[in-house]
Structures are given as C-alpha cells and as structure tokens.
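Below: the structure, in structure tokens.
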Amino acid sequence: MELSKNFQHIASETKWYEHWNSKGYFNSTPDDRPAYTIVMPPPNVTGVLHMGHALNNSVQDILIRRAKSQGYNTCWVPGTDHASIATEAKVVAMLAEKGIDKNALSREEFLKYAWEWKEKYGGIILQQLKKLGCALDWNRTHFTMDDAYYKAVINVFVDLHQKGCIYRGAKMINWDPQAKTALSDEEVLHKDTQSKLTYLRYKIEDSDEYITIATVRPETIMGDTAICVHPEDPRYAHLRGQFAIVPLINKRIPIIFDDYIDMEFGTGALKVTPAHDVNDYNLGQKHRLEVVDTLNEDGTLSAAAQIFVGEDRFAVRKKIIPELEAAGALVKQEDYKNQVGVSERTGAVVEPRLSMQWWCKMEDMALPALNAVMNDDIEFVPAKFKNLYRHWMSNIKDWCVSRQLRWGHRIPAWYAPEGNIYVAVDEAGAFAQYNKDYPEAKRSDLKQDNDVLDTWFSSWLWPMEVFGWDANKENNAELDYYYPTNTLVTAPEIIFFWVARMIMAGYEYKQQKPFQHVYFTGIVRDKQGRKMSKSLGNSPDLLKLIEDYGADAVRFGVMIASPAGNDILFDEAFLEQGRNFSNKMWNALKLIKMWEANAVATDHKAPHFATLWMRERIKEVAAEIEDLFKDFRLSEALKTIYSLIWDDFCSWYLEWIKPPYGESISAQTLNDAIGIFEQLLQQLHPFMPFVTEELYHLLREQDQDLMTRQLPDYGTADKAILDQAALLKQLISSIRDTRNKNQLKPKDTVELVINSTDPEFYSKAGQILQRQINATSIELSETVPQSGIALVVNTEKVFVITSVAVDASVQKDKMAEELAYLKGFLVSIEKKLGNERFVQNAKPEIIATEQKKKSDAEAKIRTLEESLANLN
RNA sequence: GGAAGCAUAGCUCAGCUGGUUCAGAGCAUCUCGUUUACACCGAGAGGGUCCGCGGUUCGAAUCCGUGUGCUUCCA
0 MELSKNFQHI
10 ASETKWYEHW
20 NSKGYFNSTP
30 DDRPAYTIVM
40 PPPNVTGVLH
50 MGHALNNSVQ
60 DILIRRAKSQ
70 GYNTCWVPGT
80 DHASIATEAK
90 VVAMLAEKGI
100 DKNALSREEF
110 LKYAWEWKEK
120 YGGIILQQLK
130 KLGCALDWNR
140 THFTMDDAYY
150 KAVINVFVDL
160 HQKGCIYRGA
170 KMINWDPQAK
180 TALSDEEVLH
190 KDTQSKLTYL
200 RYKIEDSDEY
210 ITIATVRPET
220 IMGDTAICVH
230 PEDPRYAHLR
240 GQFAIVPLIN
250 KRIPIIFDDY
260 IDMEFGTGAL
270 KVTPAHDVND
280 YNLGQKHRLE
290 VVDTLNEDGT
300 LSAAAQIFVG
310 EDRFAVRKKI
320 IPELEAAGAL
330 VKQEDYKNQV
340 GVSERTGAVV
350 EPRLSMQWWC
360 KMEDMALPAL
370 NAVMNDDIEF
380 VPAKFKNLYR
390 HWMSNIKDWC
400 VSRQLRWGHR
410 IPAWYAPEGN
420 IYVAVDEAGA
430 FAQYNKDYPE
440 AKRSDLKQDN
450 DVLDTWFSSW
460 LWPMEVFGWD
470 ANKENNAELD
480 YYYPTNTLVT
490 APEIIFFWVA
500 RMIMAGYEYK
510 QQKPFQHVYF
520 TGIVRDKQGR
530 KMSKSLGNSP
540 DLLKLIEDYG
550 ADAVRFGVMI
560 ASPAGNDILF
570 DEAFLEQGRN
580 FSNKMWNALK
590 LIKMWEANAV
600 ATDHKAPHFA
610 TLWMRERIKE
620 VAAEIEDLFK
630 DFRLSEALKT
640 IYSLIWDDFC
650 SWYLEWIKPP
660 YGESISAQTL
670 NDAIGIFEQL
680 LQQLHPFMPF
690 VTEELYHLLR
700 EQDQDLMTRQ
710 LPDYGTADKA
720 ILDQAALLKQ
730 LISSIRDTRN
740 KNQLKPKDTV
750 ELVINSTDPE
760 FYSKAGQILQ
770 RQINATSIEL
780 SETVPQSGIA
790 LVVNTEKVFV
800 ITSVAVDASV
810 QKDKMAEELA
820 YLKGFLVSIE
830 KKLGNERFVQ
840 NAKPEIIATE
850 QKKKSDAEAK
860 IRTLEESLAN
870 LN
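Residues in the first sequence are numbered consecutively from 0, following numbering that gives the first Met the number 0.
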C-alpha cells in the first residue's frame, strides 16, 4: 500500500465520523453498565460555531470518549436553546428587511415567521459540531421549545406559583428600549462611559436662593419629585420644610433629608427621580414620593414629561442644555466617567424602569443549592469559582422571569375583567378557577398574559428535561439511569444565569443535584488577549481552520494551553503544532510499514530491550494520565501523551528498534511495536479521534474500532527497567553532546571504553548505545585509555576515543565545574542533615531522600575526581 | 465603591499537600545535520534575583502580610 507523504485529514474525518455514527457508537440506551452522562450547554438556536464552542465541546468529547474506553455507557446529549431575545431580534430584523413591522403582525403570524426561521437556520451549529468529531447522541437532540419541554416549563411556573414562589409585582427593572422588554440583572453589562456631569440650580420657593444639584441625566429632571440632602449637611440645614422649583416645567418639589446622600459627591444635593433610578425609587418609597414616569417603552419621552414629548432620551439630553441655560438654570458641565448599563443582547442603553413583572423568589431555593457547592456535593473545577458562587448565592435577589417578547414560553396567566389573575397550565384550568369565583363568567372574558418567560427559566430544567422529566410522571427509567449527570462543561460567565439555577431546579424538582462536577473552561482570547467577538472581527472562521489544519489539530490547539478556568490566548501556532503531531505519527506508521515489507521471522527469544522498556514506560504514563483525568487536568494529560508519543516512542523507541541499514527487522519486534503503537493511539484517541482511528486501522487488520476499544488494566511499572533506560538515554545524550562539542561528523565513528559500576547493563543495552552514537565498539575496562575524551554519566566513567583531534581542556573544565557544583550541593545536604531541628521536624521519608541524595552525590564526586585525576 | 483571581525563560503557560534529581514544557532563538519515517524533521545548546519588600519555618517559586501591575465579577 502506498502511503501519502502527510496525513490527509479531510477524507479521514468524513469517513470516520460517518462510520462511528452508522455503527451506533454515539447512541446510548440504559443497560447494566454505569452511565457517564453529559448534557451539552445548548447553544443559541441561531448560533454559529466559534472558538468558545470548539473549546467547550472538545472538552466534553474528550471526557465522553475517555469514559467510553473505561467501560461506561456514555451519553452526550445535544440540543439548542430558543434564546428568546436573541432569536426574536434576528427575526424582527429579517422582517424589517422584508418591510414588515413586527407590531403589525398578530402573535400567531409573528410566531409562524419565527418558527420558519428556526427550521431554516436553527441548529446549523449542531451540524458544525460533527466536523469537530463530537460523539453526540443525535437521537436525543432536544430544543427548549419542543412540545414536552414547553409543557414542563409551564408546569414548573404553575407549580412555583402555587407554592407562592412566583408572584406579580411592580418593581424597578432593567428595561431594554430597543427590544422593549425587561431584562434580569445578569443580562445587563456595565460599560465605562465618558459622560458629562451637569450642574443645575433649582430655585427655592419664595426665596432668592438656589440649590444646585449634579446629574448625568438632565433629561430626567421632569421626573423629579424631590431634592434630597444629608441631614447633617450644614450647607442645607436651613432648607428643612422648603420646596424647590424644577426648571423649565416649574414644578414644586419638596426638599427631603436622608443619610443615604454622599455629602462629598457633586454638590451634596441629589435630584430624586423615582421612576428612573433604583436608588431614587427606594428613596421615594421611604419618603412616600410621587412617581412620575417620563419615558415611553421605546426610550422616547412620555406625555408626563410635558416637554420634548416623543423625542428620544439621548436627543433630549443634548437639546435640553441650551434651554436650561436660557432659563438660567445651568451652572456648569464637566467631564465625568461613569458606568452605563447596556443590554447584553441588543447593546441598547438600559433604562431603570418601574414595571409590573412576574418574579420568582430565590431565597428558599438558593440555600440547598449554595450548600451543595460549598460542601463539595457538587464539585467545581477549578475550585476557585466556589467563592464567586457563594458571594452571589448569599446575596441573591428575586428573579424577573417575564419578558415582553413573543418567542418563548407564554406565561400561563389569564386576566379576568374583574381584575383577578388566574394561573394554570391551560385556559381550561384558568377558566375553572375563574368560574368558581364568578359562576356567570364567560370563557372569552379571559385574556392570557402576552409576555413570555425568560429563556433561563426553561434552560434551568435542561439536565432533567432532556431525559423526559415530568413532574406528574412517577416512573422514568431513563431519567433514573442518566440523572444526576456526571460533568457539566461550561463558561464561568454563565455561572449565575444557568449553573446556579440548574442546581436550584435540580434540588427543587428531583431532590438531587443535576451534575457531579462542573468544569469551567476559560474564555478564548486572541493573541493580544482581547475577547473574541464579532464586532472586533478577531474571531477566526472555525470551519476554515478545521479544513486547513484538521479537526484533530484544532482540538489539540485549543486543549494544549488551556487548563480549566484559565483563559486561552489563541494562536494559530498551536494548530500547527497539532498538525505536525498528526504528521509525526503518520510518519511513524510509514516507518513501521516499511519494516513490515521485509520483516523476518526469528526464533523466539527475549523481547528487545527497547520493547521491555517502552511497555513499562506506557504503564508509568498510563497511571499519570489516570490521575490527571481524575483531576480534570486535561491539557496536562494531553501534554503527557504528546511527549510519550513524540519523545519516548518516536525519538527513542523507534530509533532503538530500527534495524541497521540493509537489515530486516525481527517479526516479533515489529509485532511488539505495532501493539505498543496501538496502545499509544488509544491513550490519545479522546483528544485526537480521527487520526488515531485512521492509524489504528492502517497498522493492521482490526476486529474492532479504536473508539470502542477498552483500556486494559496496566498494572505497576517496573522501576528497574525504567532506571536502566534512563541511564541509557543519558549516556546517549551525553556522548552525542560530546561529539557535537568536538565537532565530530555524524559519520565519524568512535570507540567507547567504559569503567562501569554495572557491567551487566551493557549486555542488554550495549548494542543500542553503540548504534545511537555511532561507536564501533564498547570495551568494559578499568584501565584508563591513553587518549580519548573523558566524561562521567551518573557513576559511569566513559572515554570516547576518536581519531579526530580534540581539545581535552573543554571536557576537563566542564568536569571541574560539575565537581564544584556537586561539592557545594553536598555541603548543603550535610548542613541540612547536621541540623538537629531538621532531623527532628522533617518527615522520615524526606530525611531518607536527603540521605540518598548525599550518597549519590558522594559517589558521583568520587567518580568525577578519579576521572579528573586520570586526565592530569 | 465592594470582591476575587493572576504576576515563573523572548512569548504562552505547567509547577497538586512547603524539602536541589523542581526551576520545567511547548513555541521562538543559536550550532550542527538532507544517514531511505518525518525539514510539518533530526541531534545538541543557550536563556529565569520564580514582580518588589517584609514575615513564618531547620527549609519558601510554593504559606502569611504588604506594595506595585494586569484581569475579571459585582454595585
């Protein structure tokens, strides 16, 4: 078979993904094996794959594939989130392009367009995940607005309402004037903004005096219903009981006193606008102030403002200044840096607004969810996020769950003309209640709430609902089998939005945690450390990268430098490294295939020393990898396997078993090598599934696929063989270094004379050593040769004899330097061991290692001294 | 304004319960190399007051305090 120069990823990826899928490896049904379950954080149904997804889903796929090789029944559930505000915004924009105004459409008409949009563009992202190699159970694909899911969300709303956790109330909320909907606190981003602080003076009623206030929002003065000063502020003490006049509209408002005021800020006097600021609202409640709402839902000024009615608030902010100046009310304006809230989804500046909304009480549900994380019933990786979680959960506020949108789960509340509100799963249920109150009532009198629920009010049920959870259904074998899930992989940004709420829902409705571990990935940033975003245009086209470098290389690239919870600075150099790695393995395959062509059967004899060593090395590394996976240190695990394959396998092992030029390899050694390569591929498979599966099948005829192959029980590695190989490597490296330093050409041969403490070693490894450094002979002798370069490796005295003229002084200096270092080292150890307090306090094993260090150093010093003496 | 995290080689980062086989890896740099797996490569090498200062300890990159710088979250 002719093998190409490099690994051809494109054909291989398509082939294997289809193969795995058609074999049903991605699908799971409950059986006797333990389950290993992951529910994918459902991406927005309108989303497209970006680097964050690549990282997040690579991690999940790695965990799933690893668990599969350990005998678990793995189940990874895909799906999408309806993302009400984001999707609605896209549909509205699409309609606008067609010249259709959302408000001209009925609810039903609008939803028809929205569903059409969803069918057409929704879920593209799931198809893209296939390119990445994700082992997702496609039969279980869910959407947060599927019928069953929809019903479950409604049931939960009704249930929480019955429990008294859900209520309707007028509070200050964050209003997005562009989407015309309420937002939760978590959906508001605070941005540093350069503003102007405007100083305005209000005339005191029946006086020539003025009081000056400072504001960044002069357009809200028409909503002022008081001026507040600190009760202990001497500047204003005489104004108690007085009134001030709002400029332009000449409204009379009281001057009130409250120690909430910061006397240092501005002028120490605050204009109070209860309708447009949370703090002012609270102040207003306390002092029973009037609330004047001067804004419309689209951010223009309302009739209550009296002036500038219908004009946008930002336009008014500018236009009002000259008028204030003309009225003599403007004192000054100065530059001021403050934070302005903007909508996470639309980018519009959020207005605090007094509004009637539906709320969910959080306190009772938060407590068990807080405890679960604090006592590690649910483990966060890395644990540092526990702090953040605790802080939020201990200061939790009620959750505004209604959104003035159409795309989503419509709030199951019906309003009767009498003013009553009935909450039920459907209209019939609501009417039954209504009918009880009013036997004469007509069903058509009931009007359902027009709003929908916050998207997170549906996604908090995700880990239960994808397995068909139904509060009214007692038995659910699937749910019992897969829930609680094992690991949630997500970004720290949504720890409150989603993670915390899933935990609350889990305890509320399943009396159980939704997952065992939460693995937080970092944020993918560009080389300069900037967050990747559409607006910056610094987000690479992932599908293009997969095409150029291969899916394995992309997975390698995002994993190699991203420990849990740490941001990753993305650099294409990582992808190159991944691609090169695939190619390296590909070439190892080619080498083995070349040997295969003319391998010769030999009598059964002891395995090659290299084989013995490599097998032990694999055992040793397998144990390390096992530990790393337990701690979710995936990038470390990948680095470890990478080095095992590239360094140990390719650079050492394959060179050691390589037959001399023109000779054939022993069939047994070759067979051993293939077996070893297979094990390495298996360890790497979760990280780089395509290239490993491809190589696995090219190595030899296989009766199963690598993806389903089970990891063996490796047992404990033989330390003696590992030590011998370590010495062999050191000898080779040191002698090669010596050759390099003395400018020997690769073709120049040398002879070795070794004064060894372990002559037996050379009967096993001597041949390898000889070939790796191009020596014609190795002589074990205690006599010191007349010529030759002396060096010391461990306690081996080595003489490299060459016909090329060499400068012995270089080697001598080096040895003297090392001797000096070792002597200093020895002194420090002796000091330590001579220190009574050390011997008393240190653990016995530490003292033992110190003693070993001492004897090792002494032995080496002796060897060096002897070698040096011989040189003189 | 409140809170958290980070600061180790030119760059990106490892370094888990304090103990010179822990001062490491990859990339980058330098030297040599085209010997039939691989130049998407091989053999070697150089490079760090582990941010500053103080403390705890027999012993600190590792623990504590403090200063500086950066990042993030919250108000």
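For glycine and all other residues, C-beta sits at the position ideal for the given N, C-alpha and C. All of these numbers come straight from a predicted model, not from anything done at the bench.
- With fewer than 16 other beta carbons inside 10 angstroms of its own, R32 counts as exposed.
- M531 sits away from M364, with the two beta carbons spaced by 7 angstroms or more.
- Counting C-beta atoms within 10 angstroms of its own C-beta, A134 has 16 or more neighbours from the protein chains shown and is therefore classed as buried.
- Listed in chain order, the non-local C-beta contacts of G340 below 6 angstroms within the same chain comprise V187, H189, V349, local neighbours out to five positions each way being set aside.
- Here the C-alpha atom of D448 lies approximately 10 angstroms from the C-alpha atom of Y421.
- For M463, the number of other beta carbons within 10 angstroms of its own is at least 16, and it is reported as buried.
- Leaving aside the five residues that flank Y641 on each side, the residues in its chain whose CB is nearer than 7 angstroms to its CB run, in chain order, F580.
- With the rule of 3 Cβ pairs closer than 8 angstroms, the stretch 224-232 counts as touching the stretch 248-257.
- Note that the stretch 473-481 does not touch the stretch 167-180; fewer than 3 beta-carbon pairs, one per stretch, sit closer than 8 angstroms.
- According to DSSP, P351 shares a beta bridge with N173.
- Proximity of the stretch 349-363 to the stretch 111-118 falls short of the contact definition, fewer than three beta-carbon pairs being nearer than 8 angstroms.
- Nearest C-alpha to I617 among W468, Y35, I720, K830: I720.
- Judged by DSSP secondary structure, E186 falls outside any alpha helix (DSSP H); it is assigned neither H nor E.
- Counting the other Cβ atoms within 10 Å of the Cβ of T293 gives 16 or more, which makes it buried.
- Secondary structure of H160 (DSSP, three-state): helix.
- In this chain, the beta strand (DSSP E) harbouring Q515 covers 514-519.
- Of the candidates T486, P416, I124, the residue whose Cα lies closest to the Cα of F519 is T486.
- Taking C-alpha positions only, I656 is separated from L62 by approximately 34 angstroms.
- The closest CA to that of S401, considering only A572, M355, L643, A427, is found on M355.
- Shown here for L182: same chain residues with a beta carbon closer than 7 angstroms to its own, the five before and five after excluded, namely N173, D175, S342, V349 in chain order.
- Rounded to the nearest angstrom, the Cβ distance from L445 to W398 is 26 angstroms, too far for a contact under 8 angstroms.
- Between R200 and V330, the gap from beta carbon to beta carbon is short of 7 angstroms.
- The beta carbons of P491 and F569 sit no closer together than 7 angstroms.
- If you look at Q332, you'll find it in the beta strand (DSSP E) that goes 329-342.
- Annotation for T211: the continuous beta strand (DSSP E) segment containing it runs 209-214.
- Annotation for L294: no beta strand (DSSP E) segment contains it, and DSSP assigns it neither H nor E.
- Taking C-beta atoms as the reference points, V488 and L54 fail to come closer than 7 angstroms.
- Annotated three-state conformation of H684 is coil, per DSSP.
- Residue pairing by DSSP places Q356 opposite G168 in a beta bridge.
- The C-beta distance from L730 to P758 rounds to 14 angstroms, too long to fall under 8 angstroms, and the pair is not in contact.
- DSSP places T224 outside both helix and strand once states are collapsed to three, so it counts as coil.
- About 7 angstroms separates the beta carbon of A621 from that of Q682, a gap short enough to meet the 8 angstroms contact definition.
- For K583, the CB contacts under 8 angstroms within the same chain, skipping 5 residues up- and downstream, are I644, W645, C649 in chain order.
- Between the C-alpha atoms of P843 and F837 there is a straight-line separation of about 11 angstroms.
- In the structure shown, the three-state DSSP call for L48 is coil.
- Straight-line spacing of the CA atoms in G309 and S301 works out to 6 angstroms.
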